[in-house]
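Contents: one structure, followed by commentary.
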Amino acid sequence: MSAPFDRRDQLDKIQAGLLPGEAIIAVYDAIGVGTGFLGLTDRRVIIQDNSFVGKKIAITSIPYARISSVSILTNKSFAGQWFSSGHLAISTGHHTYEVEFRGDDKTRHAHDVILHYITQ
142 MSAPFDRRDQ LDKIQAGLLP GEAIIAVYDA IGVGTGFLGL TDRRVIIQDN SFVGKKIAIT
202 SIPYARISSV SILTNKSFAG QWFSSGHLAI STGHHTYEVE FRGDDKTRHA HDVILHYITQ
(Lines of atoms letter the chains of each structure in order from A and count residues from 1; the text may use other names and numbers.)
(Lines give C-alpha, C1' and ligand atoms only; values in the text may rest on other atoms or scores of the structure.)
Protein backbone atom coordinates (compact mmCIF):
# COMPACT_ATOMS: atom_id res chain seq x y z
CA MET A 1 0.00 0.00 0.00
CA SER A 2 1.44 3.36 -0.93
CA ALA A 3 1.03 6.38 1.32
CA PRO A 4 -1.09 9.31 0.10
CA PHE A 5 0.90 12.43 -0.74
CA ASP A 6 0.39 15.77 -2.46
CA ARG A 7 3.83 16.46 -3.91
CA ARG A 8 6.52 13.97 -4.93
CA ASP A 9 9.41 16.22 -3.75
CA GLN A 10 7.94 16.33 -0.23
CA LEU A 11 7.48 12.56 -0.18
CA ASP A 12 11.09 12.16 -1.34
CA LYS A 13 12.34 14.38 1.53
CA ILE A 14 10.49 12.25 4.07
CA GLN A 15 11.71 9.01 2.49
CA ALA A 16 15.31 10.25 2.57
CA GLY A 17 15.12 10.83 6.34
CA LEU A 18 13.40 7.64 7.46
CA LEU A 19 14.81 5.59 10.28
CA PRO A 20 15.40 1.87 9.68
CA GLY A 21 12.04 0.10 9.72
CA GLU A 22 10.03 3.35 9.75
CA ALA A 23 7.02 3.57 7.41
CA ILE A 24 5.33 6.60 5.87
CA ILE A 25 1.59 6.94 6.49
CA ALA A 26 0.97 10.20 4.55
CA VAL A 27 2.66 13.42 3.39
CA TYR A 28 0.39 16.45 2.97
CA ASP A 29 1.25 19.83 1.50
CA ALA A 30 0.56 22.71 3.88
CA ILE A 31 -0.69 26.14 2.91
CA GLY A 32 -0.29 29.44 4.68
CA VAL A 33 2.73 31.29 5.96
CA GLY A 34 5.68 29.31 7.23
CA THR A 35 4.79 25.68 6.73
CA GLY A 36 5.84 23.51 3.81
CA PHE A 37 4.37 20.11 4.62
CA LEU A 38 3.38 17.63 7.30
CA GLY A 39 4.55 14.04 7.14
CA LEU A 40 3.13 11.21 9.20
CA THR A 41 5.07 8.02 9.85
CA ASP A 42 4.41 5.14 12.20
CA ARG A 43 6.86 6.74 14.68
CA ARG A 44 6.56 10.53 14.39
CA VAL A 45 5.13 13.66 12.84
CA ILE A 46 7.50 15.58 10.55
CA ILE A 47 6.83 19.26 9.86
CA GLN A 48 8.74 21.43 7.40
CA ASP A 49 8.81 25.02 8.70
CA ASN A 50 9.79 27.72 6.20
CA SER A 51 9.35 30.69 8.57
CA PHE A 52 12.95 31.15 9.71
CA VAL A 53 14.89 34.32 8.96
CA GLY A 54 17.37 34.17 6.10
CA LYS A 55 15.36 31.66 4.07
CA LYS A 56 16.31 28.85 6.43
CA ILE A 57 14.08 25.80 6.55
CA ALA A 58 13.59 23.50 9.53
CA ILE A 59 12.45 19.93 9.31
CA THR A 60 11.12 19.14 12.78
CA SER A 61 10.45 15.60 13.98
CA ILE A 62 7.98 15.16 16.81
CA PRO A 63 7.75 11.64 18.27
CA TYR A 64 4.15 10.71 19.04
CA ALA A 65 5.10 10.18 22.70
CA ARG A 66 5.96 13.90 22.95
CA ILE A 67 2.62 15.12 21.59
CA SER A 68 0.23 16.10 24.37
CA SER A 69 -2.78 17.04 22.20
CA VAL A 70 -4.02 17.42 18.66
CA SER A 71 -6.80 19.84 17.74
CA ILE A 72 -8.82 20.84 14.74
CA LEU A 73 -9.17 24.60 14.58
CA THR A 74 -12.41 25.95 13.18
CA ASN A 75 -14.34 29.19 12.96
CA LYS A 76 -17.65 27.37 12.58
CA SER A 77 -19.94 25.75 15.12
CA PHE A 78 -19.13 22.18 16.02
CA ALA A 79 -22.85 21.46 15.65
CA GLY A 80 -22.47 21.78 11.88
CA GLN A 81 -19.58 20.17 10.08
CA TRP A 82 -17.06 19.00 12.65
CA PHE A 83 -14.18 19.17 10.19
CA SER A 84 -15.12 22.39 8.45
CA SER A 85 -11.60 23.79 8.61
CA GLY A 86 -8.31 22.66 7.20
CA HIS A 87 -6.34 23.78 10.27
CA LEU A 88 -4.64 21.41 12.70
CA ALA A 89 -2.84 22.26 15.95
CA ILE A 90 -0.29 19.83 17.40
CA SER A 91 0.86 20.59 20.94
CA THR A 92 3.94 19.23 22.64
CA GLY A 93 3.21 21.05 25.88
CA HIS A 94 6.01 23.52 25.19
CA HIS A 95 5.12 24.47 21.64
CA THR A 96 2.07 24.31 19.40
CA TYR A 97 2.52 23.73 15.68
CA GLU A 98 -0.29 24.91 13.41
CA VAL A 99 -0.71 23.45 9.96
CA GLU A 100 -3.29 24.37 7.33
CA PHE A 101 -4.22 21.90 4.60
CA ARG A 102 -6.03 22.01 1.30
CA GLY A 103 -9.03 19.82 2.00
CA ASP A 104 -10.93 18.79 5.08
CA ASP A 105 -10.24 15.11 4.38
CA LYS A 106 -6.50 15.65 4.90
CA THR A 107 -7.12 17.50 8.14
CA ARG A 108 -9.29 14.70 9.44
CA HIS A 109 -6.85 11.99 8.36
CA ALA A 110 -3.86 13.72 9.98
CA HIS A 111 -5.87 14.35 13.17
CA ASP A 112 -7.05 10.74 13.38
CA VAL A 113 -3.59 9.28 12.76
CA ILE A 114 -1.98 11.49 15.41
CA LEU A 115 -4.80 10.80 17.89
CA HIS A 116 -4.41 7.07 17.29
CA TYR A 117 -0.70 7.10 18.10
CA ILE A 118 -0.87 9.46 21.10
CA THR A 119 -3.62 7.42 22.81
CA GLN A 120 -1.88 4.05 22.59
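In the working numbering, the protein residues as written are 142 to 261.
Using N, Cα and C, we set each Cβ at its ideal position, and we do this for glycine too.
Computed from a predicted model, the values in this text were never measured in an experiment.
Item to check | Rounded separation between isoleucine 187 and serine 232 - CA only | outcome: 13 Å
Checklist entry - Can you pull the DSSP bridge partners for glycine 180? => result Val168 and Ile187
Checklist entry - Thinking C-beta only, is alanine 144 closer than 8 Å to isoleucine 166? => result Yes, Cβ-Cβ distance for isoleucine 166 and alanine 144 is below 8 Å.
Item to check | Assumed close pair leucine 179, valine 240 - CB separation to whole angstroms, cut-off 8 Å | outcome: 5 Å
Checklist entry - Residue range of the alpha helix (DSSP H) that alanine 238 falls in? => result Note that residue 238 is tyrosine in the sequence shown here, rather than alanine. No alpha helix (DSSP H) holds tyrosine 238; the beta strand (DSSP E) holding it covers 237-242.
Checklist entry - Given that a residue counts as buried once 16 or more other Cβ atoms are within 10 Å of its Cβ, and exposed if not, what is arginine 149? => result Exposed is the call here.
Next on the checklist: Tell me the rounded alpha-carbon separation between tyrosine 169 and serine 209.
Outcome noted: 21 Å
Next on the checklist: So, under 8 Å CB-CB, histidine 252 and isoleucine 203 are touching, yes? Tell me the CB distance rounded to an integer number of Å.
Outcome noted: Not really, about 14 Å apart at Cβ, beyond 8 Å.
Next on the checklist: Distance check for glycine 227 and aspartate 245, CA to CA, integer angstroms please.
Outcome noted: A straight line joining the alpha-carbon of aspartate 245 with that of glycine 227 spans about 5 Å.
Item to check | Paired residues, beta bridge with serine 202 - DSSP | outcome: Ile187
Checklist entry - Just the Cα atoms here: how many angstroms apart are leucine 229 and leucine 181? => result Taking the CA atoms as reference points, leucine 229 sits about 13 Å from leucine 181.
Next on the checklist: What residue range does the alpha helix (DSSP H) around alanine 251 cover?
Outcome noted: 245-259
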